[in-house]
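Scroll down for the structure; my scribbles are underneath it.
In the UniProt record's numbering, the protein residues as written are 1 to 183.
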């Protein structure tokens, strides 16, 4: 991973999260997703990147076992167009994960992560890992595998907990914990 790719992953995640916190992201055909009171800014953590790299090097194409990445959730993406440069591969992965909000939507007015959201066919679980309000630790990796690029991003402390809110709905950044950055 280069510093340029690290910055690309981090900046894109934070830009999308900030736009969501401001109530500017399309939520399926429901309209705009509500603004967030507690959307914390992410930071790039090299230890999380190391964990993501171990997962990416497997070239499995799927989510790794949770026991191999304690306290972290994971998004994965396979890019089969081997002509793409790594920055485009990264951008395609993030766009695909985030687009679950505009394609599939979250129909919970308080943005609660429910059993139905977790297990429905038209998933939002990649989006929700990116958007989970207190996922502030980010690390990503891209591995060139025999027939595809394998992109892995990991998030801490995790999120996607049934019964909890992806974020709290209300005036933008009015309830971020002391000592955190909110945008």
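Idealized CB from N, CA, C, for every residue including glycine.
Check: DSSP state of residue 41 mapped onto helix, strand, coil; Outcome: coil
Check: Counted within 10 angstroms of its Cβ, other Cβ atoms place residue 139 as buried (16 or more) or exposed; Outcome: buried
Check: Inter-residue spacing [alpha-carbon to alpha-carbon] between residue 114 and residue 13; Outcome: 23 Å
Check: Between the CA atoms of residue 136 and residue 108 - distance to the nearest angstrom; Outcome: 23 Å
Check: DSSP-derived helix/strand/coil call for residue 93; Outcome: helix
Check: Same chain, Cβ closer than 8 Å to residue 8, five either side skipped, listed in chain order; Outcome: 87, 90, 91
Check: Spatial neighbours of residue 71 in its chain, beta-carbon cut-off 7 Å, leaving aside the 5 residues before and after; Outcome: 156, 157, 158
Check: Whole-number beta carbon distance between residue 41 and residue 236, since they are thought to touch under 8 Å; Outcome: Residue 236 is absent from the model: the chain starts at 1 and stops at 183.
Check: CB contact flag (residue 174, residue 37, <7 Å); Outcome: yes
Check: DSSP-derived helix/strand/coil call for residue 4; Outcome: helix
Check: Sequence-distant residues of the same chain with beta carbon closer than 6 Å to residue 45, five excluded per side; Outcome: 137, 139
Check: Test item: CB-CB of residue 131 and residue 52 under 7 Å; Outcome: no
Check: For residue 152 and residue 27, believed in contact at Cβ under 8 Å, the rounded distance; Outcome: Wrong, their Cβ atoms sit about 26 Å apart, outside the cutoff.
Check: Burial state of residue 69, where buried means 16 or more other Cβ atoms lie within 10 Å; Outcome: buried
Check: Proximity of residue 97 and residue 126 at Cβ, strictly below 7 Å; Outcome: yes
Check: Residues that residue 127 bridges to, as DSSP identifies them; Outcome: Bridge partners of residue 127: none, in fact.
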